[in-house]
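**Q**
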Amino acid sequence: MQPASAKWYDRRDYVFIEFCVEDSKDVNVNFEKSKLTFSCLGGSDNFKHLNEIDLFHCIDPNDSKHKRTDRSILCCLRKGESGQSWPRLTKERAKLNWLNDDSQDSDDEKMPDLE
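Numbering (this note's numbering) for the sequence shown: 2 to 116.
This is how it looks when you write it as structure tokens:
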């Protein structure tokens, strides 16, 4: 079992995390106030992925959601406090080799379609 590679970006009311797993199955996303847990089977060999993230700030778990596609799983985390900037995704400052900041490549005005 290993973490799935992911990229994240920060917006005014939401934080987005995209787990890059092709052909995912048995996707499980658990939103808690200060933690996100993601797991799935992915790829042609059905490799087991598990990511547990202690979040930088609190979120609203009831208004957070995710969407699975053939190439990835996009999670939309509703911030507990709108407008509060997140300089990083995790509570701890450690650099995680599976996590990349995607802020530069993301369109500020565009809201992903999670329906």
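Yeah, the Cβ is synthetic: ideal placement off N, Cα and C, and Gly gets one too.
Based on the DSSP output, what are the partners of Phe-20 in its beta bridges?
**A** Answer is Ala-7 and Ile-74.
**Q** I'd like to check one pair, Ile-60 with Leu-90: are the Cβ atoms closer than 8 Å?
**A** No, the pair does not count as a contact, with Cβ atoms beyond the cut-off.
**Q** Which residue from Asn-101, Thr-70 and Ser-40 puts its Cα closest to that of Leu-3?
**A** The residue you asked about is not Leu; residue 3 is Gln in the sequence shown. Out of Asn-101, Thr-70 and Ser-40, Ser-40 has the C-alpha closest to the C-alpha of Gln-3.
**Q** Sort Lys-49, Gly-84 and Asp-103 by Cα distance to Glu-23 and report the nearest one.
**A** For Glu-23, the nearest C-alpha among the options comes from Lys-49.
**Q** What are the start and end residues of the beta strand (DSSP E) that includes Asp-27?
**A** Element bounds for Asp-27: 26-32.
**Q** With DSSP run on the structure shown, which of helix, strand or coil describes Ser-104?
**A** In the structure shown, Ser-104 sits in a helix (DSSP, three-state: H, G or I).
**Q** Note down the Cα distance separating Thr-70 from Glu-19, rounded to an integer number of angstroms.
**A** Going from the Cα of Thr-70 to the Cα of Glu-19 covers about 11 Å.
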